[in-house]
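Down below is the structure, laid out as structure tokens.
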Amino acid sequence: MSTATARPEATLPPGTPVITGWSAVSPYGIGREEFAAGVRAGAKTAVKADAGLGPLPSSDVCTVPGFDIQEQLGPRGTAKMDRLTALALVASDGLLLDADGNRAVATDELTGVVLGITMGSLENVTDFLRQSYTNARPFYVDAGRIPFGSLNHAAGATAIRHDLKGPNTTVAGGRVSGLLALNYARRLMGQGRATKYLVGSAEEFSAAHAWFEHTATASGDPAPLLGEGCGLFLVEQAEAAERPPLAAVLSVETRVDIDDDPGAAVTACARRALQRAGVDAGEVWAAVPCAAPTAAGRAEHEALAALVPADALSRVPSMELLGDTSAASASFQIAAVLAVAEADADSRGRTALVSAVDRDGAVAVAVLRLMGEQR
Amino acid sequence: MTTVAPQHLSRIREIIAENIDVDLDGLSDTALFIDELGADSLKLIDVLSALEMEYSIVIDMNELPKMTNVEATYQVTAAAAGW
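Each protein sequence line maps, in turn, to chains A and B. The working numbering puts the first residue of the first sequence at 7, with every later residue one more than the last. The working numbering puts the first residue of the second sequence at 8, with every later residue one more than the last.
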């Protein structure tokens with residue numbers, strides 16, 4: 007343990023949310039260790055898509071390797087489960103359970119769940135609609151899939167699985183949703199509505215998702231290399247945290263790019279987030295953009311490059327390695343910062359900035375204080 | 008009395024097992040879905056809609072309470088299908 011500086015948590019204002027645990031189900035594999043090792047190695051994750059997915063606009067994908075819903079969660083209750091829900095459930099197991107499947111994290115009546123998504127399970131919704139349009143009668147549909155088609159199912163199923171009775175919320179904000187979820191948890195804990203939170207975001211890969219993104223790709227942009235997964239964090243308030251903090255959430259700011267100038271929106275959002283955090287841009291140790299393969303993503307990178315020290319942007323390998331993980335990306339960005347920080351003795355007490363831009367103009371930036379001991 | 012068509016009964020049993028989440032091997036014709044097999048009313052609606060789709064029939068929702076086990080579900084389905 008470093009004794010050269012004061013413990014950073016000693017300087018946090020009361021009520022500051024702190025991240026005290028995390029898990030990831032990602033193109034690097036199922037689990038936190040797989041994610042951390044992949045990120046630190048800067049490994050690529052693209053593979054040829056499973057032929058069982060049928061025709062796809064691009065043959066390369068960044069799917070979670072070996073992720074089979076029944077294998078991961080057992081046969082009961084999973085026959086009609088959508089992939090998005092399964093990714094969230096497996097990530098929640100990774101966060102709350104130990105290797106033997108026993109509960110490792112205490113929860114109470116006010117432990118909440120907030121999950122960021124884009125549009126839920128597109129595959130489930132499109133399959134269901136297809137049945138209604140093409141079967142002999144519009145009500146000849148697989149009714150067992152209806153619950154899985156609701157936008158809040160993954161968050162609800164996570165709470166039911168772990169008996170979490172606090173506020174349960176889904177934030178459908180696309181690429182920025184992971185940061186919106188973090189902000190939501192921060193607000194509700196600040197208001198005393200929750201004592202701790204499972205916060206994260208998730209995206210599933212499916213043929214429906216791939217074709218949707220294909221049609222939404224702007225002319226001139228490359229065909230998106232799509233990824234999937236779920237990143238989850240345990241967030242508590244600093245003074246009540248039951249586990250050592252890995253990072254403090256100093257600020258989360260959001261903007262909407264109404265001038266069709268995403269770079270300006272990111273700059274304004276990041277400056278405000280840094281100001282609220284009481285951090286100078288020159289102090290940023292790591293900055294992680296979402297690396298969306300769009301004009302907004304490129305503008306985001308340029309905006310951060312003009313704002314923070316050059317080495318901050320190269321501290322964490324690019325999120326491009328995971329593919330475009332859409333709603334999951336912001337959580338993976340935070341997890342990547344934590345993974346790099348826990349292997350770097352210089353990180354403790356430093357500042358990290360995580361930003362995201364969505365195609366609909368939403369912009370969000372979070373500023374974190376890294377506090378974890380090196381592993 | 009309705010004549011049980013084995014191919015229909017066999018398929019209905021599969022549909023029920025899939026929708027109430029039990030092993031086909033453990034699904035007897037008389038075991039009660041809710042009291043013995045842990046099903047709930049939502050799962051019974053799944054069974055009803057799956058049977059409607061399979062046989063292109065319409066089963067009145069008022070018949071749902073009668074669908075208590077495989078045997079009774081077969082009778083409700085057969086009546087709706089005119090077997």
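We treat Cβ as the ideally placed atom computed from N, Cα and C, and that holds for glycine.
Rounded to whole angstroms, what is the Cα-Cα separation between D227 of chain A and A47 of chain A? Start at 1 with the first residue of the first sequence, and residue 227 of chain A comes out as number 221. Start at 1 with the first residue of the first sequence, and residue 47 of chain A comes out as number 41. Going from the Cα of D227 of chain A to the Cα of A47 of chain A covers about 28 Å.
TODO: In the DSSP assignment, find the unbroken beta strand (DSSP E) run with A46 of chain B in it and report its ends.
DONE: By 1-based counting over the second sequence, the position of residue 46 of chain B is 39. Careful: A46 of chain B lies outside any beta strand (DSSP E) and carries neither H nor E.
Check: Mind listing which residues of the stretch 78-106 of chain A have their C-beta closer than 7 Å to chain B's C-betas, in chain order?
Finding: R82, G83, A85
| Taking only runs of the alpha helix (DSSP H) that begin and end inside the stretch 242-312 of chain A, which ones reach a length of at least 4 residues, in chain order? | 268-283, 301-311
* To which residues does DSSP link F239 of chain A through a beta bridge? -> On the first sequence, residue 239 of chain A is found 233 positions in, with the first residue counted as 1. Partner(s): A:W28, A:V205.
*Do A85 of chain A and V31 of chain A have their C-beta atoms within less than 8 Å of each other?*
Your numbering for residue 85 of chain A matches position 79 in the first sequence. Your numbering for residue 31 of chain A matches position 25 in the first sequence. No, the pair does not count as a contact, with Cβ atoms beyond the cut-off.
*asked:* In this structure, how does DSSP classify D174 of chain A when only helix, strand and coil are distinguished?
replied: Numbered from 1 along the first sequence, position 168 holds the residue referred to as residue 174 of chain A. This sequence places Asn at residue 174 of chain A; Asp is not what is there. It is a strand residue.
*Could you list which residues in chain C have their beta carbon closer than 7 Å to that of N26 of chain B, in chain order?*
Protein chains A and B are contained in the structure displayed, whereas chain C is not.
Check: What does DSSP give as the partner residues of P23 of chain A in its beta bridges?
Finding: Stepping through the first sequence from its first residue, residue 23 of chain A is reached at position 17. P23 of chain A pairs with A:Q243.
Notebook entry, point to check: Do you know offhand how far D350 of chain A's Cα is from Y34 of chain A's?
Noted result: Numbered from its first residue, the first sequence carries residue 350 of chain A at position 344. Numbered from its first residue, the first sequence carries residue 34 of chain A at position 28. Rounded to the nearest angstrom, the two C-alpha atoms are 20 Å apart.
ask   = Does N76 of chain B come within less than 8 Å of chain A when only Cβ atoms are used?
value = Residue mapping note: residue 76 of chain B aligns to position 69 of the second sequence, counting from 1. So, not an interface residue.
### Message
By the DSSP assignment, the alpha helix (DSSP H) with S320 of chain A in it spans what residues?
### Response
Taking the first sequence and counting its residues from 1, one reaches residue 320 of chain A at position 314. Segment 316-320, the alpha helix (DSSP H) holding S320 of chain A.
Item to complete: Please check if any C-beta of chain A sits within less than 8 Å of the C-beta of T80 of chain B.
Response: For the purposes of this step, residue 80 of chain B is identified with residue 73 of the second sequence, where counting begins at 1. No, because no Cβ of chain A sits closer than 8 Å to the Cβ of T80 of chain B.
Mind listing the chain B neighbours of V147 of chain A? Cutoff is C-beta to C-beta under 8 Å, in chain order. Position 141 of the first sequence, counting from 1, holds the residue named residue 147 of chain A. Those are S56, M60, listed as they occur along chain B.
(request) Compile a chain-ordered list of the residues in the stretch 127-141 of chain A whose CB is closer than 7 Å to at least one CB of chain B. (result) N141
Item to check | Within 8 Å, strictly: CB atoms of S332 of chain A and V272 of chain A | outcome: The count along the first sequence starts at 1 and reaches residue 332 of chain A at position 326. The count along the first sequence starts at 1 and reaches residue 272 of chain A at position 266. Contact flag unset, no.
**Q.** Residue range of the beta strand (DSSP E) that includes T357 of chain A
**A.** Position 351 of the first sequence, counting from 1, holds the residue named residue 357 of chain A. That run of the beta strand (DSSP E) goes 357-363.
Let's test the definition: count the other Cβ atoms within 10 Å of the Cβ of K73 of chain B and tell me whether it reaches 16, buried, or not, exposed. Position 66 of the second sequence, counted from the first residue, corresponds to residue 73 of chain B. Per the 10 Å Cβ criterion, exposed.
Review point. In terms of alpha-carbon separation, which member of A:G355, A:E234, A:L359, A:D99 lies closest to L204 of chain A?
Key: Stepping through the first sequence from its first residue, residue 204 of chain A is reached at position 198. If we check each option's Cα against that of L204 of chain A, A:D99 comes out closest.
(message) Among A:R181, A:S65, A:A336, A:M195, whose alpha-carbon lies nearest the alpha-carbon of N174 of chain A?
(response) In the first sequence, counting from the first residue as 1, residue 174 of chain A sits at position 168. When only C-alpha atoms are compared, the closest one is A:M195.
ask   = Should D32 of chain B be flagged as near chain A, meaning a C-beta pair shorter than 8 Å?
value = Position 25 of the second sequence holds residue 32 of chain B. Taking Cβ atoms only, chain A never reaches closer than 8 Å to D32 of chain B, which makes this a no.
Within-8 Å CB hit, D36 of chain B to chain A: In the second sequence, residue 36 of chain B corresponds to position 29, counting from 1. Not an interface residue.
| field | Interface flag, S63 of chain B vs chain A, CB-CB below 8 Å | value | Reading the second sequence from its first residue, position 56 is the one you call residue 63 of chain B. So yes, S63 of chain B belongs to the interface.
inquiry  = Any beta carbon from chain A within less than 8 Å of D53 of chain B's own beta carbon?
reply    = For the purposes of this step, residue 53 of chain B is identified with residue 46 of the second sequence, where counting begins at 1. Judged by the 8 Å Cβ criterion, D53 of chain B is in contact with chain A.
Practice problem: May I have the straight-line CA-CA distance separating R304 of chain A from L188 of chain A, to the nearest angstrom? | Solution: Within the first sequence, the letter at position 298 stands for residue 304 of chain A. Within the first sequence, the letter at position 182 stands for residue 188 of chain A. Roughly 24 Å separates the two Cα atoms.
Buried versus exposed call for L39 of chain B [16 or more other C-beta atoms within 10 Å across all chains shown] | As a working mapping, residue 39 of chain B is identified with position 32 in the second sequence. It is exposed - the Cβ of L39 of chain B has fewer than 16 other Cβ atoms within 10 Å.
| said: Please identify the residue among A:D106, A:C68, A:S257 whose C-alpha is closest to the C-alpha of Q281 of chain A. | reply: For this step, residue 281 of chain A is matched to residue 275 along the first sequence. When each option's Cα is compared against that of Q281 of chain A, the closest is A:S257.
Measuring alpha carbon to alpha carbon, tell me which residue in B:G45, B:S35, B:I52, B:Q14 is nearest D28 of chain B. Against the second sequence, residue 28 of chain B aligns to sequence position 21. When only C-alpha atoms are compared, the closest one is B:G45.
* Asked: Does the count of Cβ pairs from the stretch 324-331 of chain A and the stretch 355-371 of chain A closer than 8 Å reach three?
  -> no
Next on the checklist: Do G184 of chain A and S335 of chain A have their beta-carbon atoms positioned less than 8 Å apart in this structure?
Outcome noted: Taking the first residue of the first sequence as 1, we reach residue 335 of chain A at position 329. Taking the first residue of the first sequence as 1, we reach residue 184 of chain A at position 178. Contact: yes.
field: Reference N141 of chain A, options B:E78, B:A57, B:T84, closest by Cα
entry: For the purposes of this step, residue 141 of chain A is identified with residue 135 of the first sequence, where counting begins at 1. The shortest C-alpha separation from N141 of chain A is found at B:A57.
- Pick helix, strand or coil for V111 of chain A, following the three-state DSSP scheme. Translated into the one-based positions of the first sequence, residue 111 of chain A becomes position 105. Three-state result, V111 of chain A: coil.
Measure how close the beta-carbons of V120 of chain A and Y190 of chain A come, nearest whole angstrom, since I'm counting them as under 8 Å.
Your numbering for residue 120 of chain A matches position 114 in the first sequence. Your numbering for residue 190 of chain A matches position 184 in the first sequence. Correct: roughly 5 Å between the Cβ atoms.
Determine the DSSP secondary structure at I75 of chain A, reduced to helix, strand or coil.
Here the question's residue 75 of chain A lines up with position 69 in the first sequence. Of the three classes helix, strand and coil, the one that applies to I75 of chain A here is helix, per DSSP.
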